[in-house]
Amino acid sequence: MAILEVKDLKAYYITHRYGRTTSVKAVDGVSFKVEKDEIYGIAGESGCGKSTLLKAISGLVKPPLQILEGGVTYNFDGERLNILALNDEKQRRKLRGARLSLVPQGSMSVLNPVRRVRKSFEDVLYAHFDLSEQEFEDVVRKHLDALGLDWTVMHTYPHQLSGGMRQRITIALSTILKPDIIFADEPTTALDVVVQRGVVQLIKKIKEEQQNTLVLVTHDLSIHANLCDRLAVMYAGKIVEEGEVDRIFSTPKHPYTIMLLNSLPKLGDSSPRSSAPGAPPSLVNPPSGCRFHPRCPYVMERCRTESPDLIEMGNGHRVACFLEEGSK
Ligand code: SF4
């Protein structure tokens, strides 16, 4: 059963300056479903629209970001809810935290640098429950214990903690209300490899204990390989390939996915890896036709003018490339 259904979503950053309107087409016609209890990964280079997609589907839409089209429907135990149709920010805020939670990029954007960590937990819990001090302590202690974090962190200021510990606390804070679905945006960015492993283990632990659904955004394909059940690859505001992680890693179909996978180091292979040639396009004026055509080694004439749809290849593997049209 799908807990989240995103349909034809278009989310643009629209600015008006000196009489000129500029639209950054960060999410441009994206559709996908996330099944209950799965870990769904979203991959792609920086600037491909994956963080904007997370903001839009978690209802964090503030100018200049605007939703132009599409729907984002949640199914919480049979109760269907279109978050974009909720006009009241209070209602959206209530939904976030209790039903869905966003672990944003960068722990310092969540933890207030001039307040002790405890205050951040108080803000979250007291916004949803009327608790006595003892009840507050019991709830937080239990959650921290389950995640292997010490109660003493509650008395610290964020700057007194390492980057890895801050990120762990941010994750603990985002999951204390046991949300049905968690969105994690680049949760291991700016951490060294050893600390990254600890953060990935922590996310796995929470998922196992709370039995929630996880949508994980990262450019790091090794994390997707480690954690995710299914993966969507984004390029220039669109999903270009989607399927089970094992299938995408063993038989990638889209030239962009193949390019990304070829740039990864391989065990026992010391030959130099080639990074993806070229750079992602501007989302203000994305290329016509297939947006990948300026970088694609297999570009055909029609790719310059026609935009390929996602084609179902079987077993839920979908690819947006004209090369796959005959191989369905
Ligand atoms: Fe390359 Fe054309 Fe396929 Fe786009 S549609 S990925 S340009 S072959």
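The sequence shown begins at 3 in my numbering and counts up one residue at a time. C-beta: ideal position from N, C-alpha, C; glycine also.
The C-alpha of D90 is placed about 37 Å away from the C-alpha of I313. Annotation for N77: no alpha helix (DSSP H) segment contains it, though the beta strand (DSSP E) segment containing it runs 67 to 78. Out of G200, I171, L218, the CA that lies nearest to the CA of D187 is found in L218. Within the stretch 112 to 139, the runs of alpha helix (DSSP H) at least 4 residues long that lie entirely inside it are, in chain order, 119 to 130.
In this structure, the C-beta of L325 approaches the ligand SF4 to less than 7 Å from one of its heavy atoms. Cβ-Cβ distances below 8 Å link R82 to T75, Y76 in the same chain, with the five nearest sequence neighbours on each side left out; the list follows chain order.
Fully contained in the stretch 222 to 263 are the following beta strand (DSSP E) runs of length 3 or more, in chain order: 232 to 237, 240 to 246.
Within the chosen limit of 7 Å, the ligand SF4 does not reach the beta carbon of P254 with any heavy atom. Here DSSP, grouped into helix, strand and coil, assigns G200 to helix. In this structure, L263 and I171 do not form a Cβ contact; the two beta carbons are roughly 34 Å apart against a cut-off of 8 Å. Shown here for V155: same chain residues with a beta carbon closer than 8 Å to its own, the five before and five after excluded, namely V119, L146, L163, M167, I171 in chain order. Separation of G318 and P279 (C-alpha to C-alpha, rounded to the nearest whole angstrom) is 29 Å. Around the Cβ of R304, a 10 Å sphere holds fewer than 16 other Cβ atoms; the residue is exposed. With fewer than 16 neighbouring CB atoms inside 10 Å of its own CB, G150 falls in the exposed class.
Short of 8 Å from the beta carbon of Y159, and not among the five residues preceding or following it, lie these beta carbons of its own chain, in chain order: P115, V116, R117, R118, V119.
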